[in-house]
Amino acid sequence: MGCVSSSPGRSRRAPGYEDPAVLASQTSFTVNEVEALYELYKKLSYSIFKDGLIHKEEFQLALFRTSKGPSLFADRVFDLFDLKRNGVIEFGEFVRSLSIFHPKAPESDKAAFAFKLYDLRGTGYIEKEELRELVVALLDESDLCLSDSAVEEIVDNTFSQADSNGDDRIDPKEWEEFVKKNPASLRNMSLPYLQDITTAFPSFVMHSEVDD
Amino acid sequence: RTCNAFQLISSMSSGFDLSGLFESE
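Going down the list, the sequences are from chains A and B. Quick note on the numbering used here: the first sequence kicks off at 1019 and runs consecutively. Quick note on the numbering used here: the second sequence kicks off at 31 and runs consecutively.
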């Protein structure tokens, strides 16, 4: 009869939509998982601006569930996800970046992402001042209070462990060595949710068109 | 023993935790 069923989702695909099979081949996800992520992506990308792209405000809203003020960490993560640097996270960028957080993703990818995250000024090094800034932001955003001298002690102690050549900055090689000895420092780089997103979020697979 | 800053950042939800993206369901 030549009967072709059309998928209602196809006509409303987000502007940066990419083929889930291609994304799955380039990431730690299966095709079904990429499709599940698309359901999550649509929800996030239509939460405020309704344009199928994730804006910084939508990203922050999802992370904190409130439109609280600027967050250094959310800003940094958003900027690293926004690979094209055009102010929005497209679907492909969302999947490729989240893939680094898959528990099975290579540790070296996680370490490299974390290094970029902490290298606030993009100099290729994590400098003492940057680490101080990160710790102060962490404390501010969590309403914790530590004296300046306590912050200084934490930063100095961290540098005494990580900055092996003593030049007051952590280079990528020193970082690699440091995270090998301190794997807990990359704990936030693995999201158990991604291990099996289709099981964790069964509603996401309702629209899946492919069997893996 | 003083903790290291990266471990601190990694372990606190205010630091850098993407779980919120999935918990809004």
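For each residue, glycine too, the CB sits at the ideal point set by N, CA and C.
Boundaries for alanine 1032(A): no alpha helix (DSSP H) harbours it, and the DSSP string shows neither H nor E there. For the pair of segments examined, the segment 1073 to 1083 of chain A was found not to touch the segment 1144 to 1151 of chain A: the number of CB pairs separated by less than 8 Å stays below three. Note on geometry: alpha-carbon atoms of serine 1126(A) and glutamate 1194(A) lie some 8 Å from one another.
Sequence-distant partners of alanine 1123(A) (beyond 5 residues in either direction) whose C-beta falls short of 7 Å from its own C-beta, in its chain, are Ser1046 and Ser1117. Judged by DSSP in its simplified three-state form, arginine 1187(A) adopts strand. Under the 8 Å Cβ criterion, the segment 1106 to 1120 of chain A does not count as touching the segment 1178 to 1191 of chain A, having fewer than three qualifying pairs. Look at the segment 1172 to 1199 of chain A: the residues with a C-beta under 7 Å from a C-beta of chain B are Ile1172, Val1173, Asn1175, Thr1176 and Gln1179. The Cβ of asparagine 1104(A) sits no closer than 9 Å to any Cβ of chain B. A distance of 9 Å or more separates the beta carbons of serine 1089(A) and phenylalanine 1099(A). In the three-state reduction of the DSSP assignment, isoleucine 1072(A) falls in the strand class, which pools E and B. In this structure methionine 1207(A) is in contact with alanine 1132(A), their Cβ atoms being roughly 6 Å apart against a cut-off of 8 Å. Listed along chain B are Ser49 and Phe52, each with a C-beta nearer than 7 Å to that of tyrosine 1211(A).
A direct Cα-Cα distance of roughly 13 Å separates tyrosine 1143(A) from alanine 1129(A). Isoleucine 1215(A) carries a helical assignment under DSSP once its states are collapsed to helix, strand and coil. For proline 1210(A), the closest C-alpha among the options Phe1119(A), Lys1191(A) and Val1173(A) is that of Phe1119(A).
Within chain B, the residues placing a beta-carbon under 7 Å from that of asparagine 1206(A) are Ser40, Gly45, Phe46 and Asp47, ordered along the chain. Here glutamate 1111(A) carries a helix assignment [DSSP, helix/strand/coil]. The continuous alpha helix (DSSP H) containing lysine 1146(A) extends over residues 1146 to 1159. Per the C-alpha coordinates, the member of Val1153(A), Phe1091(A), Asp1166(A) and Ile1188(A) positioned closest to threonine 1141(A) is Ile1188(A).
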